[in-house]
Each structure stands twice: as C-alpha cells, then as structure tokens.
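Below you'll find the structure, written out as structure tokens, and then a few comments.
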Amino acid sequence: GIIDPPRGEALEAIKACNKAGIQVKMITGDHPETAAAIGRQLGIGKLGAIEGKMIDQMSEEELLEAVEKYDIFARTSPENKLQLIGALQKNGEIVSMTGDGVNDAPSLKKADIGVAMGIKGTETAKDAAEMILADDNFGTIFNAVKEGRRIYDNFRKTVLFILPTNVCEAILIAGSILLGFSVILTPVQILWINLITSVTISFGLIFEKLEEDALTRPPRPRNAPLLSKYHIFRIAYVSLMIGVVCILLVYDLMEKGFSPALIQTTVMNAIVFAEMFHLFNCRSETGPAISKDFFANKIAFLVSGLLVILQLAITYLPLSNIVFGTVPMEAADWVMPIAIGLLVFVVVELEKGITRTIINKKDGMDEK
Numbered sequence: 002g003i004i005d006p007p008r009g010e011a012l013e014a015i016k017a018c019n020k021a022g023i024q025v026k027m028i029t030g031d032h033p034e035t036a037a038a039i040g041r042q043l044g045i046g047k048l049g050a051i052e053g054k055m056i057d058q059m060s061e062e063e064l065l066e067a068v069e070k071y072d073i074f075a076r077t078s079p080e081n082k083l084q085l086i087g088a089l090q091k092n093g094e095i096v097s098m099t100g101d102g103v104n105d106a107p108s109l110k111k112a113d114i115g116v117a118m119g120i121k122g123t124e125t126a127k128d129a130a131e132m133i134l135a136d137d138n139f140g141t142i143f144n145a146v147k148e149g150r151r152i153y154d155n156f157r158k159t160v161l162f163i164l165p166t167n168v169c170e171a172i173l174i175a176g177s178i179l180l181g182f183s184v185i186l187t188p189v190q191i192l193w194i195n196l197i198t199s200v201t202i203s204f205g206l207i208f209e210k211l212e213e214d215a216l217t218r219p220p221r222p223r224n225a226p227l228l229s230k231y232h233i234f235r236i237a238y239v240s241l242m243i244g245v246v247c248i249l250l251v252y253d254l255m256e257k258g259f260s261p262a263l264i265q266t267t268v269m270n271a272i273v274f275a276e277m278f279h280l281f282n283c284r285s286e287t288g289p290a291i292s293k294d295f296f297a298n299k300i301a302f303l304v305s306g307l308l309v310i311l312q313l314a315i316t317y318l319p320l321s322n323i324v325f326g327t328v329p330m331e332a333a334d335w336v337m338p339i340a341i342g343l344l345v346f347v348v349v350e351l352e353k354g355i356t357r358t359i360i361n362k363k364d365g366m367d368e369k
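With positions in the sequence shown counted from 1, the corresponding number in the working numbering is that position plus 1.
Right, dumping it as structure tokens:
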C-alpha cells in the first residue's frame, strides 16, 4: 500500500541516457536500503548507496573519485548536494540537477542546468532553476536532450552548408583578378546568391530529423569547437571544387564567345545549383544522402523547388534582367550548371563513403 514504484517512462529514459553517455545519479534523503532498492528498479547504483555522513568525512580527492564511482547518495543534506555537484564539475562534467524543495534551491543554482518540478516544485526551487519541468516527468528531460542534440546537429549542418558558398565566391573573385578576367559576378549577383541560399535551401536543414547515431554517441566535450577538423576539410575542398570548376566554366564560355552577361548568368546559376545539390549531401554529415530517409524531410524538397522557381525568375523575367544584369539562357546553357551540381553531389558522397570506412575501421581497432 505504501510502495511508490518508478514510472515506466523513467525506466526507459534512464536506459536511453546510459546509451547516450549520460550518467544518472540519485541524491536522496531516504534510508540507504530504500534508495538502493529504488536504484535496482531503475537500473542504477550497482555498488549500492553511499551516505551523506561518509561524504562529510571524505577528502577532496576521495570525493572526486566517489562521485564518479557511485550513482546513489542517501541520507544527504543540502550541503552534500552542493559538494557532489561541485565535485562532478571539477571532474569536467556538465551537471543537470533536478529538485522541487526549498532545500534544493542552492544546488539547482550551482548546477550547470537546474531543473525544477513544475507541478510539485516550490516557488523557491522554480526561481533558482534555469528550466522548469511542466509535467514532473523524468522522461521529458531526456526528450529535451534529444531535441537539443537534433538542433545542434542541424545548426552545424547549416554552417557546413553555407560556408562553401562564401568561400567559393572569394575564390572566383581572386581567380578573376589573377587570370585577368572581367568581373565574373557583380556585387548584386553575389548578394542574390547569399540571400537565396540563406533563406531557401538552408532553411530545409532546420527540419532534418535526428540522426540514427545521435543518441548512442557520448556528449561532446565542454570545449569542443563547433566545426571539427573534418568539417573544415569538407568546407575547404567543396569551396575549392566549386570555385575552380566555375573558373574553368568561365574560361570555356569566353573561348566560345559568350557575352559577359550570359557568362555571369550561367556562373550564378552554376553556384546556386551546386549549393542545391550540396544541400542533400549535408542532410547527414557522414551518412549516405540516398537512404531510407531520403524523402523524410519534405521541406528540403519544397525549398529546392522554390529555389528553382526563383532562379528561373531571375534568369527570364525582364525586370530581373534589368536589376541583376542577367540574360535569358537557352535550354542547352543549363547543362553545365546542372552538371556542376551533380559533380559536387557525387564527389561529396564518395568522400563521405571513404570517411565512413575510415571511421568504422578506427572503431573496430578501438574495440579490439
């Protein structure tokens, strides 16, 4: 009659946290045997519980070791909670603390992320916390972590997608100066490319679903940069590829006697189409673009269709020709912009395949 078993969603959330490299620890005022019994139901605390009075007797070095070794801390005082949070932070951990009482306020304030209970929590606890759990459900915390990883990954994909456009434009400008070409793109055309890639196709990455390995990889280090060395390598070679191919395209069109306006229009469309195809490369950092989830993000296809319509408008509408200095293209003139886009897509997919092979081999060696 007095048993208060853990919620089923809490059990599942703790299992998911363990897979994601997130440690779950229990700090309670209950008797050690009671805490250990609940811990066994939750699947944590295999070593049992450690009491607050033992924490008071530990040296700093002993506490730093114990806080990582044990998952259940019983008969603890508010001071013990502060000690445990401080020890975890000294060990380099990012600490989220949940609580509902007045005595929890100091530890909620000290934690990196204090989470107060929205239903049973006191106003003092809510004021001290950075986040309020509206349903008092531990599973909701993990759902928030899951969504946070999705948002962070998609933000990084967006940066990975946008930067090659800016760098390849710089390569084009530098190349035109060094090779003595007339201006390859006018400032207003460069502005259009930056605007159109930012407000249309990059928007599609925001709605990308969570990657399959996002909840099995450990949390990123506190000081981890937004872009890794691999990301910088990807940005560099994609930018160089688009820039060099477009310079070669300019040289070829000049040799064929195309007008400067037609060359600029063709190059502008080549860059935009390269970015559109690159969007599908960036939907997964290292996974294949063509997979069972290829059609999962409908927004990516919607913005790609919108991009095509806008490019046709800037190419063929008389007012756009006046404002942007473009000229209508014949059907055959579209072959090169589309071919360049396909080239970027294929090359990046081949590189991602090689990268996956290297990563899998490295993981295999680490397991051995």
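Glycine residues also receive a C-beta, built at the ideal position from the N, C-alpha and C atoms.
Because the structure is a prediction, the values reported are computed rather than measured.
Remark: C-beta atoms of L43 and A11 approach each other more closely than 8 Å.
Judged by DSSP in its simplified three-state form, E286 adopts coil rather than helix or strand. Here I86 is buried: its Cβ has 16 or more other Cβ atoms, across all protein chains shown, within 10 Å. Cβ atoms of V328 and L254 stay farther apart than 8 Å, at about 13 Å. Between A117 and D101 the beta-carbon gap is near 7 Å, inside 8 Å, which marks them as a contact. Inclusion of G176 and I272 in the CB contact set at 8 Å is not warranted, their separation being larger than that value. Distances from the alpha-carbon of T198 to those of L173, R218, I163 put I163 closest. In this structure, the alpha-carbon of E286 lies about 20 Å from that of N167. Going by DSSP, A37 is part of the alpha helix (DSSP H) stretching over 33 to 43.
Annotated as distal: V103 and T77, with beta-carbon spacing of 8 Å or more.
Annotation: V146 to N138 spans about 14 Å, alpha carbon to alpha carbon. Sixteen is the threshold: when 16 or more other Cβ atoms of the shown chains lie within 10 Å of the Cβ of P165, as they do, the residue is buried.
Counting other Cβ atoms within 10 Å of its Cβ, S240 reaches 16 or more and is therefore classed as buried. Two segments are said to touch when three or more pairs of C-beta atoms, one from each, lie closer than 8 Å; by this definition the stretch 30 to 38 touches the stretch 46 to 54.
Between R235 and L161, the C-beta gap is smaller than 8 Å, which places the two residues in contact. Between M27 and I56, the beta carbon gap of about 14 Å keeps them out of contact (Cβ cut-off 8 Å).
For T99, the enclosing beta strand (DSSP E) begins and ends at 97 to 100. A direct Cα-to-Cα measurement between L308 and G205 gives close to 11 Å. The beta carbon of E69 sits closer than 7 Å to the beta carbons of N92 from its chain, once the five residues preceding and following it are set aside; these are given in chain order.
In the structure shown, the three-state DSSP call for L134 is strand. Close CB contacts of R357 within its chain, under the 7 Å cut and outside five residues either way in sequence, are with T287 (chain order). The C-beta distance from K20 to T217 rounds to 6 Å, short enough to fall under 8 Å.
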